[in-house]
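K.L.:
In my numbering, the protein residues as written are 1094 to 1719.
#1: Could you check whether the region 1490-1505 touches the region 1128-1146, counting it as contact only if at least three pairs of C-beta atoms, one from each stretch, sit closer than 8 Å?
#2: Would residue 1201 pass as a contact of residue 1255 if the rule is Cβ separation under 8 Å?
#3: Going by DSSP, name the residue or residues bridged to residue 1360.
#4: Can you name, in chain order, every residue of its own chain whose Cβ lies under 6 Å from the Cβ of residue 1268, other than the five neighbours on each side?
#5: Give a yes or no on contact between the region 1203-1211 and the region 1180-1189, applying the rule of three or more CB pairs nearer than 8 Å.
#6: So, are the CB atoms of residue 1550 and residue 1645 less than 8 Å apart?
#7: With residue 1155 as the anchor, note down where its beta strand (DSSP E) starts and where it stops.
#8: Looking at C-beta atoms only, is the number of pairs between the region 1539-1554 and the region 1125-1136 that lie closer than 8 Å three or more?
#9: On the DSSP bridge assignment, give the partners of residue 1189 in chain order.
#10: Looking at residue 1437 and residue 1424, is the spacing between their C-beta atoms short of 8 Å?
#11: Out of curiosity, what's the CA-to-CA distance linking residue 1123 and residue 1159?
#12: Looking only at C-alpha atoms, which of 1485, 1404, 1152, 1628 sits nearest to residue 1310?
#13: What residue does the beta strand (DSSP E) around residue 1171 start on, and which one ends it?
#14: Using three-state DSSP, classify residue 1218 as helix, strand or coil.
#15: Could you say which of 1249, 1387, 1557, 1360 lies nearest to residue 1458 if we only look at CA atoms?
#16: Between residue 1525 and residue 1260, which are expected to be in contact by the criterion C-beta below 8 Å, what is the C-beta distance as a whole number of angstroms?
#17: Among all the DSSP beta bridges, which residues are the ones paired with residue 1237?
#18: Which residues in the same chain have their Cβ closer than 6 Å to the Cβ of residue 1521, if we skip the five residues on either side of it in sequence?
#19: Terminal residues of the continuous beta strand (DSSP E) containing residue 1622?
#20: Tell me where the alpha helix (DSSP H) around residue 1124 begins and ends.
#21: For residue 1650, which three-state DSSP category applies?
#22: Beta-carbon within less than 7 Å of residue 1688's beta-carbon, same chain only, minus the 5 sequence neighbours each way: which residues are those?
#23: Measuring only from the beta carbon, is residue 1161 closer than 7 Å to any heavy atom that is part of the ligand FAD?
#24: In whole angstroms, give me the CA-to-CA distance for residue 1383 and residue 1492.
#25: Exposed or buried, which one is residue 1252 when buried takes at least 16 other CB atoms within 10 Å?
#26: In the DSSP assignment, find the alpha helix (DSSP H) that holds residue 1159 and state where it starts and stops.
#27: Using beta-carbon positions only, say whether residue 1279 and residue 1219 come within less than 8 Å of one another.
#28: Are the beta-carbon atoms belonging to residue 1198 and residue 1175 less than 8 Å from one another?
#29: Tell me residue 1300's beta-bridge partners as DSSP assigns them.
#30: Is it true that the CB of residue 1118 sits closer than 8 Å to the CB of residue 1600?
#31: How many angstroms separate the CA atom of residue 1617 from the CA atom of residue 1545?
#32: In chain order, what residues of the same chain lie with their CB nearer than 6 Å to the CB of residue 1154, ignoring the 5 residues before and after it?
#33: Assuming residue 1516 is part of the beta strand (DSSP E), what are its boundary residues?
#34: Mark residue 1113 as exposed unless 16 or more other C-beta atoms lie within 10 angstroms of its C-beta, in which case mark it buried.
#35: With DSSP as the reference, label residue 1629 as helix, strand or coil.
#36: Go through its chain and collect everything with a Cβ distance to residue 1190's Cβ below 7 Å, but skip five positions before and after it.
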């Protein structure tokens, strides 16, 4: 085709324009390919390292070490279950070193080149970034907990991919925190040194079997209770002691109440015994009260007979009785002259006084016997009340004993200090220390691939604008070619050649540069996270993305844009007729002249404005990605 001869001329005439687009595509593909390739390298290498090191499915922390019986029960749910206790030690004033026993089944340590696992009591392996930050290397000596160790290697473990001191830390600092691994004997020596910053932390790692899920395993662990005597956590210990103290107080109060009930019952029995004795005595007195009264009356009658005989001997004929002695003696006294018969008068007065005393005695005996009878009745009534008291005391004692048993059952059920040994359960997917490196670059990979497509579309659109401009300039020639019988597809193919070639060249150059830039892209990730040395990956999809996608996108976008331009009638193209935006299409009647003029000018140059906007967007996007 004659127009194909103009491709070189077009390239020469607009060399810097196409060179700039070539460089933008190159830089864009370099950034996308290097970022995606770096992310792919990290993701694949970390995944392979995790498989090789048997990374955990999760880990747990407990209050006290599990017993052998507990571990046997736990192993029913797991494929592998291994303790990973650790101790924290100070190092070089402001740094902390977390020391583990060397692992045997889960989260195995991957050693760097020339390193070896610790086997002797005085050998240690350090986490690689901690060693580097503190200028330590294999062969150096390091003192931990007052014990000198020889560094036999550096390395990394998959459970500390991101070397965080606490799970809630927002970032890792290699200078101030790292992990270390020693032999069993070395760990025992450090534990016995007593110089750890805090008590030993009891962690276990696990890999579940295929039949068990996380929820089932967590529920099983929650049913394993800790022996309270083995708890070392001071806060938990204080809580347990407080609960036990409250239980003792309740038991003591119940015991006092029960003892009180028994004392009441025993007291009622003593009262009953005393009352029975009183009642028996009163009964005996009551039974003999008639004899007592008769005896008193007999004594009174005998006294009166004696007084009657005495009066007769003195010449006074009178018979005294209990019913008349007072009136008769008063009559005798009234007949005597007190002065002339003073002696006799005094004798009768004395007799009368003696009779009055005896009468009072008899009446007193009667009242006494009546009182004894009344006391007997009261004592009997008291005995009935005491019987009720005894019944109440018995019920009180029985009720108190039952309450004590019920309270003991309640406390055994609700106040029994059964604390689950599990303090936290952490799945590997939720652990920020595991896979942090891969998670960090996944967004880079996805973002780079998506943004790369957007950039390619915008660049292809910019190329289409240049092509449309060329079509407008060559409109008469194209119209003549249509008149000579050339087809629209033939012309479109010609105008697609240069954009496709520019994108293809930029894509190839950018892909090559991107592959070379992978190392620089992963450097920051590698220096921050802790994982084995990398083997650089360059998957085939990135080659296709960098080499094939740019020309394909350019072809599609340019075909859509310039296809409409080439669809115009040959006569209009020969006359250079352009579609104008008129007032019929945009109502500008009520707008001032200056504003109306500006709007029309903007609409006339809308393609150039969009191109400028797209170019700025692409430039800023590439700048942000870099």
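By construction, the Cβ of each residue, glycine as well, lies at the ideal position given by its N, Cα and C atoms. Quick caveat: nothing in here was measured; it's all calculated off a predicted structure.
P.N.:
According to the data block:
#1: Result no; under three Cβ-Cβ pairs closer than 8 Å.
#2: no
#3: Paired residues: none, contrary to the question.
#4: 1226
#5: no
#6: no
#7: 1151-1155
#8: yes
#9: 1183, 1270
#10: no
#11: 54 Å
#12: 1152
#13: 1171-1176
#14: Residue 1218 sits in a strand when the DSSP states are folded into three classes.
#15: The candidate whose alpha carbon is nearest that of residue 1458 is 1387.
#16: Confirmed, Cβ separation roughly 6 Å.
#17: 1240
#18: 1149, 1150, 1151, 1527
#19: Looking at the DSSP string, residue 1622 is not in any beta strand (DSSP E), and its letter there is neither H nor E.
#20: Under the DSSP assignment, residue 1124 falls in the alpha helix (DSSP H) whose first and last residues are 1108-1145.
#21: helix
#22: none
#23: As presented, the structure is devoid of all ligands, the ligand FAD included, so that no description of it is given.
#24: The straight-line gap from Cα to Cα measures roughly 49 Å.
#25: Sixteen is the threshold: when 16 or more other Cβ atoms of the shown chains lie within 10 Å of the Cβ of residue 1252, as they do, the residue is buried.
#26: Per DSSP, residue 1159 lies in no alpha helix (DSSP H) and is assigned neither H nor E.
#27: no
#28: A contact, by the Cβ cut-off of 8 Å.
#29: Partner(s): 1173.
#30: yes
#31: 22 Å
#32: 1296, 1516, 1517
#33: 1515-1520
#34: exposed
#35: DSSP places residue 1629 outside both helix and strand once states are collapsed to three, so it counts as coil.
#36: 1182, 1184, 1237, 1271, 1273
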